[in-house]
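Trainee: Structure provided below as structure tokens; questions to follow.
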Amino acid sequence: MAKRVFQLAKELDVTSKQVLEKCRAEGLDLKNHMAALSAGLEATIREWFSDDAKLHSAVEVAAAVDLEEAHREAAAQRRRRHQEEVEAAAAAGLPAPEAPADIEAPVEVEPTVEAAAPAEVAPPAEAPAEEVPAVAAPEQVAAEEAVAEEHVEPVVPPVESPAPPPAVQAVEAAEPAAEAPVEPPAEAPAEPATTEPAPAAAEAAPPAEPAPPAPPKPVMPAGPQVVPRPAQLQGPRVVRVERPDHVPAPRRRPRPAADVTPEEPAETAKTGAAHGGRGRQEEEERKGGPRRRNSPRRRGGGVAETSERLQEWRDRDLSERRERLAAAAGGGLRRHRATTRRPDEPAARRTGPVEVTEPITIKDLSAAMGVKSAELIKKMMAQGQLVTVNQTITAEAAELLAAEYALELTVKRKKSYLEEIDEQLSRREPGELTPRPPVVTFLGHVDHGKTSLLDRIRRAAVVDTESGGITQHIGSYRYESGERVVTFLDTPGHEAFTQMRARGANMTDVVVLVVAADDGVMPQTVEAINHAKAAEVPIIVALNKIDLPNANVQRVLGQLAERDLQPREWGGNTEVIQTSAQTGEGVEALVETLSLEAELLELKADPTAAARGTVIEAEMDSGRGVVARVLVQDGTLRVGDVALAGPGSGRVRQILNDRGQEIQQAGPATPVEVAGLDAVPVAGDRFYVVGDLSRAKEMAEQVRQEQREEKLATKQQITLDNLFDQISAGEVSDLPLIVKADVQGSVEVLVDSLNKLSTGEVRVKILHAAVGGISGSDVLLAEASGAIILGFHVVADAATREMAERLGVEIRLYRIIYELIDAVTAAMKGLLEPEFKEEILGHAEVRDVFKITRVGTIAGCYVTDGTIPRNAKIRVTRGGIVIEDERTLESLKRHKDDAREVRNGMECGMKITGYDDVKVGDLLEAYRSVEVAREL
265 MAKRVFQLAK ELDVTSKQVL EKCRAEGLDL KNHMAALSAG LEATIREWFS DDAKLHSAVE
325 VAAAVDLEEA HREAAAQRRR RHQEEVEAAA AAGLPAPEAP ADIEAPVEVE PTVEAAAPAE
385 VAPPAEAPAE EVPAVAAPEQ VAAEEAVAEE HVEPVVPPVE SPAPPPAVQA VEAAEPAAEA
445 PVEPPAEAPA EPATTEPAPA AAEAAPPAEP APPAPPKPVM PAGPQVVPRP AQLQGPRVVR
505 VERPDHVPAP RRRPRPAADV TPEEPAETAK TGAAHGGRGR QEEEERKGGP RRRNSPRRRG
565 GGVAETSERL QEWRDRDLSE RRERLAAAAG GGLRRHRATT RRPDEPAARR TGPVEVTEPI
625 TIKDLSAAMG VKSAELIKKM MAQGQLVTVN QTITAEAAEL LAAEYALELT VKRKKSYLEE
685 IDEQLSRREP GELTPRPPVV TFLGHVDHGK TSLLDRIRRA AVVDTESGGI TQHIGSYRYE
745 SGERVVTFLD TPGHEAFTQM RARGANMTDV VVLVVAADDG VMPQTVEAIN HAKAAEVPII
805 VALNKIDLPN ANVQRVLGQL AERDLQPREW GGNTEVIQTS AQTGEGVEAL VETLSLEAEL
865 LELKADPTAA ARGTVIEAEM DSGRGVVARV LVQDGTLRVG DVALAGPGSG RVRQILNDRG
925 QEIQQAGPAT PVEVAGLDAV PVAGDRFYVV GDLSRAKEMA EQVRQEQREE KLATKQQITL
985 DNLFDQISAG EVSDLPLIVK ADVQGSVEVL VDSLNKLSTG EVRVKILHAA VGGISGSDVL
1045 LAEASGAIIL GFHVVADAAT REMAERLGVE IRLYRIIYEL IDAVTAAMKG LLEPEFKEEI
1105 LGHAEVRDVF KITRVGTIAG CYVTDGTIPR NAKIRVTRGG IVIEDERTLE SLKRHKDDAR
1165 EVRNGMECGM KITGYDDVKV GDLLEAYRSV EVAREL
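Sequential numbering from 265 applies to the sequence shown in our numbering.
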């Protein structure tokens, strides 16, 4: 999983702001601290902000360059160019050009050097004796040492020359020696191959002890590659430092000594402060010295006076305590409250990882993070969401809030009772495993012959009972032929039943992909292939309808190969069986292939365990109550077992097999109908047998509670962005609907298909969708909301129909799903606002203008094309520019007679209402606005 900016910043001990600023400076557009980082960008940012030198880019170093050698080569090139110029000038009879300043004193060199002769170099003519030429190149020195070691002169330390010419002369003197061929050490003629300036320099120098050989000059490498300098981190700007509040120990009130009389606290109460502080007089007495002890005897009082003063002290002390409690709002009380905080209050803000469990509310997040709920609500408002304390938020929103406080939040999904059951069953030791029949699902495009092929195998006629000849429910059948037992699942092929096909693929062991030989691979065929691959189950292709004259088997095989289903006859691994549901050709071969595939899979189950399976379909039957079609996948289901399926629970009262026969128990891989649940489960829910009925009801109630929480969580929240959209939602037309179907799977398909029809102007609003027949409560809800009741494979009784007619509620019943969708689409088109389009009727050219007193300007026109009717709208154009528009005709006459219309090629007179600025040459266009029905 890709890291986000704030996570990487936390690892690097920097702020997200610094990382974003650095990335933006480098031209990387990261929106905020929640942006995901690729692996390469993450490594680059680590390199920028890391202190480890190993992580930084290495400096590229160029090859070593000898600066003296480079200078010598440059000087030689300049001399050669100057020599060529001199020779060219001599040949042309022109004066020789002046030599450059750096080669004014060239060194005389012999034109040729023999291989056996020593390479002699003439000393420079003008070089001063005290200057020492530059040292020869390392290659030359190495050659001289190899040729004549015994003739090596004492080495004099090189002295830098103050002027460049001697160095140039030394370089020139060294070149012939470098150009001389070097012979092996055995040959004598190569011994004197040394430069002459070296002895001259040695003679000029004062006698001294032979110095150690000079170290070679360091070769300067090329400069480092120019790379951006890493950012210098100065550390985050400290805004505040969170430290625990310092709570001083509360000062205790001094207790009076044993010999202190009761009148002393009374005096203290007079001078004491009302907010818990000591009186000034008491402080002065304490600082001044020991107080004088007063007694009743010294003051001359008796026992009666003492008791009277004691009562006065008690009253004053009580009033003083009450005043202190009433005025206790200072820091002392706050500190006391802070030290006596209740355990359920949020603790101090945390700094480590924080874990919360879904569903996440603001209250739970506040307790986990140690941040007040009010602060979190303000943060959500700043992000454009209005939430309350008990409102659930998404995991992404919770992570954003945690990132605001630099906390790492981990969201854990709360385990349900069903997941706990799965864990318990997975930990259970398996009993005696026995082979079980395979579960085979037929998938494919609509009208490719899935049900017909299955009927041919079962020798039944299920396709004749389906409405419109297409399957609209998942069918489950058990086929037995001798020792062969196979469970078949038949799925619908219509595009609206995607969820049903996905459930069928997840419950199966083998998928039979039915493809018509005349149609080939269709959209739902590709979808079925994807479902089977996602479920990781083997695929067997049944190439159906090969008996048709337009069947093209090779084309279909090529289309399958394009979807990674290589036939075995083409060298692949996919079995392709050519079948015909009409003639029965290839049906036995298909069954044999399925049996062989089941043997290869080695399917086994434990029949002694508690039953568990999957709900295929569920419906509300008027006589039996909730009926669920269940595929038992493991264990044995018996009458009287306590069953749990989604929100439904109860004791199994009746079990029917696929042929409607009542049975007492059902083993693994058996499709059955179960009656006895108290609520309709959703197709695809897991089915369990539990030991305790009360525990099953508790689990079902938890499932219902989770469904309610999910529905509230998915409810659209009011944000600052969509607040205006919801205010202006009154302009959107709603089509309220009530959907009733026979099974839960059909309800899901209808709700999903109808919601997809909503547009920006017309919205489908499903008020109620449930399983069962149309009842009187549905009619009352439709009458109150103005909704239409849609029934799919259900009916309404006589009393309900009478109530609907009396209240004016429309009930529409359908048995084919695409007919229902087409009807709703047509109803939505009627709610769309019509469009107005202009229809051009004709044009007339103004050829003369007549001005009549108290009438106005009359335009004498000639109709060039079309017709000018009396009630048409007029548009005046002059030179191709619209001068006036949406005008009407006040009068239309022909030969002084009023006319209803004037046709093409006729002359007429027109008076435009409220417009007299008509000129000769104007073009008058007659048109009208026509309403056009809009399409969705």
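Don't be surprised by glycine CBs; every beta carbon is placed ideally from N, CA and C. If you're wondering where the values come from, they're calculated on a predicted model, not measured in any experiment.
Please report the straight-line C-alpha distance between G695 and Q929, rounded to a whole angstrom.
Mentor: Approximately 19 Å, taken between the alpha carbons.
Trainee: By Cβ distance below 6 Å, which residues in the same chain neighbour Q1008 in space, the five residues on each side in sequence not counted?
Mentor: Closer than 6 Å at the Cβ level, and outside the excluded window around Q1008, lie A882, V944, V946, A947, V1035.
Trainee: Report the rounded CA-to-CA distance for N808 versus T847, giving the unit in angstroms.
Mentor: Near 11 Å, if we compare the C-alpha coordinates of T847 and N808.
Trainee: Using alpha carbons as the reference points, say which of D870, Y669, Q818, K636 lies closest to T693.
Mentor: Inspection of the sequence shows that residue 693 is occupied by Glu rather than by Thr. The shortest Cα separation from E693 among D870, Y669, Q818, K636 belongs to D870.
Trainee: Contact between the segment 1078 to 1098 and the segment 1111 to 1122 is defined here as three or more beta-carbon pairs at a separation below 8 Å; is this criterion met?
Mentor: Taking 8 Å as the limit for Cβ pairs, the verdict is that the segment 1111 to 1122 does not touch the segment 1078 to 1098.
Trainee: Hey, T674 and P617: beta-carbon distance below 8 Å or not?
Mentor: A contact, by the Cβ cut-off of 8 Å.
Trainee: Can you tell me which of the three DSSP states Y1179 falls into?
Mentor: Three-state DSSP puts Y1179 in coil, outside helix and strand.
Trainee: Can you give me the start and stop residues for the beta strand (DSSP E) that V1184 sits inside?
Mentor: No beta strand (DSSP E) holds V1184; DSSP gives it neither H nor E.
Trainee: Hey, could you find the ends of the beta strand (DSSP E) A907 is sitting in?
Mentor: Run containing A907: 906 to 909, per the beta strand (DSSP E) assignment.
Trainee: By DSSP's criteria, K676 is part of a beta bridge. Which residues make up the other side?
Mentor: DSSP lists T621 as partners of K676.
Trainee: Alpha carbon to alpha carbon, how far is V785 from V820?
Mentor: Between V785 and V820, the C-alpha separation is close to 7 Å.
Trainee: Please state if the CB of V1182 and the CB of A1123 are separated by a distance shorter than 8 Å.
Mentor: Yes.
Trainee: If contact is defined by three or more beta carbon pairs under 8 Å, each pair taking one atom from either stretch, is the segment 1051 to 1060 in contact with the segment 961 to 973?
Mentor: No, the segment 961 to 973 does not touch the segment 1051 to 1060.
Trainee: Out of K274, G877, A1051, which one is the CA nearest neighbour of L689?
Mentor: Ranking the options by Cα distance to L689, first place goes to G877.
Trainee: Between the C-alpha atoms of A843 and A307, what's the straight-line distance to the nearest angstrom?
Mentor: Strictly speaking, residue 843 in this sequence is Thr, with Ala absent from that position. Roughly 58 Å between the two C-alpha positions.
Trainee: Do you know whose CA, among Q966, E1083, N1019, E332, lies nearest E683's CA?
Mentor: Among Q966, E1083, N1019, E332, the Cα nearest to that of E683 belongs to Q966.
Trainee: Tell me which residue opens and which closes the beta strand (DSSP E) that G304 is part of.
Mentor: That residue, G304, is in no beta strand (DSSP E); its alpha helix (DSSP H) goes 303 to 313.
Trainee: Just to confirm the assignment, what range does the alpha helix (DSSP H) spanning K274 have?
Mentor: First-last of the alpha helix (DSSP H) with K274: 269 to 276.
Trainee: In terms of alpha-carbon separation, which member of E687, T656, Q897, D719 lies closest to T772?
Mentor: Selected option, being the one with the closest Cα: Q897.
Trainee: Which partner residues does N808 have in the DSSP bridge list?
Mentor: Answer is A780.
Trainee: Taking all protein chains shown into account, decide if A289 is buried (16 or more other Cβ within 10 angstroms of its Cβ) or exposed.
Mentor: A289 comes out exposed.
Trainee: Thinking A806 and L854 are a contact (beta carbons under 8 Å), I'd like their distance in whole angstroms, please.
Mentor: Contact holds; Cβ gap of about 6 Å.
Trainee: How is G924 classed by DSSP in three states: helix, strand or coil?
Mentor: It is coil, neither helix nor strand.
Trainee: What is the C-beta distance between R1167 and P1133, in whole angstroms, given that I count them as a contact (C-beta under 8 Å)?
Mentor: With a Cβ gap of about 10 Å, R1167 and P1133 do not count as contacting.
Trainee: On the criterion of 16 or more Cβ atoms from any shown chain inside 10 Å, does A933 qualify as buried, or is it exposed?
Mentor: Under this definition A933 is a buried residue.
Trainee: Taking the C-alpha atoms as reference points, what is the distance between R832 and A781?
Mentor: R832 and A781: Cα-Cα distance of roughly 17 Å.
Trainee: Are P1000 and A1068 touching if we call contact CB-CB under 8 Å?
Mentor: In this structure, A1068 does not lie closer than 8 Å to P1000 by Cβ.
Trainee: May I have the straight-line CA-CA distance separating G889 from F706, to the nearest angstrom?
Mentor: Answer to the nearest angstrom: the Cα atoms are 30 Å apart.
Trainee: Quick check: the Cα distance between I1147 and G1024, rounded to an integer number of angstroms?
Mentor: When rounded, the distance between both Cα atoms is 36 Å.
Trainee: Buried or exposed: K1004, going by 16 or more other Cβ atoms within 10 Å of its Cβ?
Mentor: Per the 10 Å Cβ criterion, buried.
Trainee: Roughly how many angstroms separate the alpha carbons of Q818 and E1099, rounded to a whole number?
Mentor: Computed Cα separation, rounded: 50 Å.
Trainee: Please classify V653 as buried or exposed, where buried requires at least 16 other C-beta atoms within 10 Å of its C-beta.
Mentor: Its Cβ having fewer than 16 others within 10 Å, V653 is exposed.
Trainee: Given E1102, which residues of its chain have a CB within under 8 Å of its CB, disregarding the five upstream and five downstream residues?
Mentor: Y1191, R1192, S1193, V1194, listed in sequence order.
Trainee: Using 8 Å for Cβ pairs, my map puts V278 next to F313. What's the rounded Cβ distance?
Mentor: Indeed, because the Cβ distance is near 6 Å, the residues count as touching under 8 Å.
Trainee: Pick out whichever of R1027, I1080, V1026, L1084 has its Cα sitting closest to the Cα of I1053.
Mentor: Nearest of R1027, I1080, V1026, L1084 to I1053, Cα basis: L1084.
Trainee: Near K1157, what residues of its chain come up, given a Cβ to Cβ distance below 7 Å and the 5 sequence neighbours on each side ignored?
Mentor: Cβ within range, chain order: A1163, C1172, G1173.
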